[in-house]
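Notes follow the structure.
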Amino acid sequence: MEDLASWRRRCAAEILGESKPIVRALDIIRRVARCRSSVLFVGETGTGKELFARALHRASPRASGPFVTVDCATVPEQVLEERLAAAAGGTLFLDEVGELSLAAQARL
(Lines of atoms letter the chains of each structure in order from A and count residues from 1; the text may use other names and numbers.)
(Lines give C-alpha, C1' and ligand atoms only; values in the text may rest on other atoms or scores of the structure.)
Protein backbone atom coordinates (compact mmCIF):
# COMPACT_ATOMS: atom_id res chain seq x y z
CA MET A 1 0.00 0.00 0.00
CA GLU A 2 1.18 3.49 -0.88
CA ASP A 3 2.49 5.49 2.10
CA LEU A 4 0.18 8.18 3.49
CA ALA A 5 2.38 11.12 2.41
CA SER A 6 2.48 9.99 -1.25
CA TRP A 7 -1.22 9.19 -1.23
CA ARG A 8 -2.01 12.59 0.23
CA ARG A 9 -0.02 14.42 -2.48
CA ARG A 10 -1.85 12.42 -5.17
CA CYS A 11 -5.39 12.42 -3.76
CA ALA A 12 -5.79 15.06 -1.06
CA ALA A 13 -3.30 17.87 -1.65
CA GLU A 14 -5.96 20.54 -1.09
CA ILE A 15 -6.73 19.29 2.43
CA LEU A 16 -4.51 21.29 4.72
CA GLY A 17 -3.55 20.47 8.28
CA GLU A 18 -1.51 17.97 10.20
CA SER A 19 -3.64 17.62 13.33
CA LYS A 20 -4.41 14.13 14.57
CA PRO A 21 -8.10 14.36 13.52
CA ILE A 22 -7.16 15.41 9.95
CA VAL A 23 -4.51 12.69 9.59
CA ARG A 24 -6.93 10.11 11.03
CA ALA A 25 -9.72 11.20 8.66
CA LEU A 26 -7.38 10.92 5.66
CA ASP A 27 -6.24 7.47 6.76
CA ILE A 28 -9.86 6.35 7.05
CA ILE A 29 -10.64 7.72 3.58
CA ARG A 30 -7.63 5.92 2.14
CA ARG A 31 -8.87 2.60 3.55
CA VAL A 32 -12.55 3.16 2.71
CA ALA A 33 -11.70 4.04 -0.91
CA ARG A 34 -11.18 0.35 -1.64
CA CYS A 35 -14.78 -0.49 -0.65
CA ARG A 36 -17.81 -0.29 -2.90
CA SER A 37 -20.07 1.02 -0.13
CA SER A 38 -21.73 4.41 0.05
CA VAL A 39 -20.08 6.88 2.41
CA LEU A 40 -21.82 9.55 4.46
CA PHE A 41 -19.82 12.65 5.40
CA VAL A 42 -21.40 14.54 8.30
CA GLY A 43 -20.43 18.04 9.41
CA GLU A 44 -21.42 21.66 9.61
CA THR A 45 -21.53 23.82 6.49
CA GLY A 46 -18.03 24.83 5.43
CA THR A 47 -16.14 22.03 7.17
CA GLY A 48 -14.74 20.49 3.98
CA LYS A 49 -17.02 17.53 3.35
CA GLU A 50 -16.71 17.98 -0.41
CA LEU A 51 -12.90 18.16 -0.21
CA PHE A 52 -12.84 14.84 1.63
CA ALA A 53 -15.35 13.36 -0.85
CA ARG A 54 -13.11 14.41 -3.75
CA ALA A 55 -10.11 12.81 -2.04
CA LEU A 56 -12.12 9.62 -1.62
CA HIS A 57 -13.11 9.73 -5.29
CA ARG A 58 -9.50 10.20 -6.44
CA ALA A 59 -8.35 7.28 -4.29
CA SER A 60 -11.09 4.92 -5.44
CA PRO A 61 -11.47 2.64 -8.46
CA ARG A 62 -14.05 5.21 -9.68
CA ALA A 63 -11.39 7.92 -10.07
CA SER A 64 -11.55 7.78 -13.87
CA GLY A 65 -15.31 8.40 -13.75
CA PRO A 66 -17.07 11.70 -13.13
CA PHE A 67 -17.39 13.46 -9.77
CA VAL A 68 -20.86 15.00 -9.78
CA THR A 69 -21.96 17.45 -7.09
CA VAL A 70 -25.67 17.98 -6.50
CA ASP A 71 -26.82 20.78 -4.20
CA CYS A 72 -30.02 19.19 -2.97
CA ALA A 73 -31.21 22.48 -1.47
CA THR A 74 -31.45 24.09 -4.91
CA VAL A 75 -31.84 21.34 -7.53
CA PRO A 76 -35.41 20.66 -8.68
CA GLU A 77 -36.35 17.07 -7.89
CA GLN A 78 -37.20 16.39 -11.54
CA VAL A 79 -33.56 17.21 -12.42
CA LEU A 80 -32.23 14.90 -9.71
CA GLU A 81 -32.63 11.78 -11.88
CA GLU A 82 -30.48 13.37 -14.61
CA ARG A 83 -27.74 14.16 -12.10
CA LEU A 84 -27.84 10.61 -10.75
CA ALA A 85 -27.38 9.25 -14.27
CA ALA A 86 -24.53 11.70 -14.93
CA ALA A 87 -22.58 10.18 -12.05
CA ALA A 88 -22.70 6.63 -13.44
CA GLY A 89 -19.31 4.99 -13.07
CA GLY A 90 -18.08 7.77 -10.82
CA THR A 91 -18.98 9.49 -7.58
CA LEU A 92 -22.14 11.36 -6.63
CA PHE A 93 -21.76 13.99 -3.90
CA LEU A 94 -25.13 15.03 -2.49
CA ASP A 95 -24.76 18.32 -0.63
CA GLU A 96 -27.55 19.15 1.85
CA VAL A 97 -29.26 15.80 1.20
CA GLY A 98 -31.57 16.46 4.16
CA GLU A 99 -33.25 19.18 2.08
CA LEU A 100 -34.69 16.60 -0.34
CA SER A 101 -38.22 15.40 0.19
CA LEU A 102 -38.55 12.07 1.96
CA ALA A 103 -39.84 10.53 -1.28
CA ALA A 104 -36.73 11.67 -3.17
CA GLN A 105 -34.48 10.43 -0.37
CA ALA A 106 -36.18 7.02 -0.55
CA ARG A 107 -35.44 6.81 -4.31
CA LEU A 108 -31.74 7.24 -3.61
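Add 1 to a position in the sequence shown, counting from 1, and you land on the number used in the numbering used here. Every residue gets a Cβ at the ideal spot worked out from N, C-alpha and C, and that includes glycine.
Three-way DSSP call (helix, strand, coil) for residue i in this model
{"i": "residue 28", "result": "helix"}
{"i": "residue 53", "result": "helix"}
{"i": "residue 22", "result": "helix"}
{"i": "residue 40", "result": "coil"}
{"i": "residue 76", "result": "coil"}
{"i": "residue 5", "result": "helix"}
{"i": "residue 45", "result": "coil"}
{"i": "residue 86", "result": "helix"}
Beta-ladder partner(s) of residue i, from DSSP
{"i": "residue 71", "result": "95"}
Cβ distance (whole Å) where residue i is taken to contact residue j below 8 Å
{"i": "residue 67", "j": "residue 88", "result": "6 Å"}
{"i": "residue 40", "j": "residue 73", "result": "Between residue 73 and residue 40 the Cβ distance is about 16 Å, and since that is not below 8 Å, they are no contact."}
{"i": "residue 63", "j": "residue 91", "result": "5 Å"}
Close beta carbons around residue i, own chain, < 6 Å, minus the five adjacent residues each side
{"i": "residue 57", "result": "30 and 34"}
Residues near residue i by beta carbon distance below 7 Å, same chain, minus five either side
{"i": "residue 70", "result": "51, 94 and 96"}
{"i": "residue 105", "result": "78 and 81"}
{"i": "residue 4", "result": "none"}
Length of the line joining the Cα atoms of residue i and residue j
{"i": "residue 38", "j": "residue 101", "result": "21 Å"}
{"i": "residue 60", "j": "residue 14", "result": "12 Å"}
{"i": "residue 11", "j": "residue 17", "result": "14 Å"}
{"i": "residue 42", "j": "residue 19", "result": "20 Å"}
{"i": "residue 28", "j": "residue 84", "result": "29 Å"}
{"i": "residue 22", "j": "residue 65", "result": "28 Å"}
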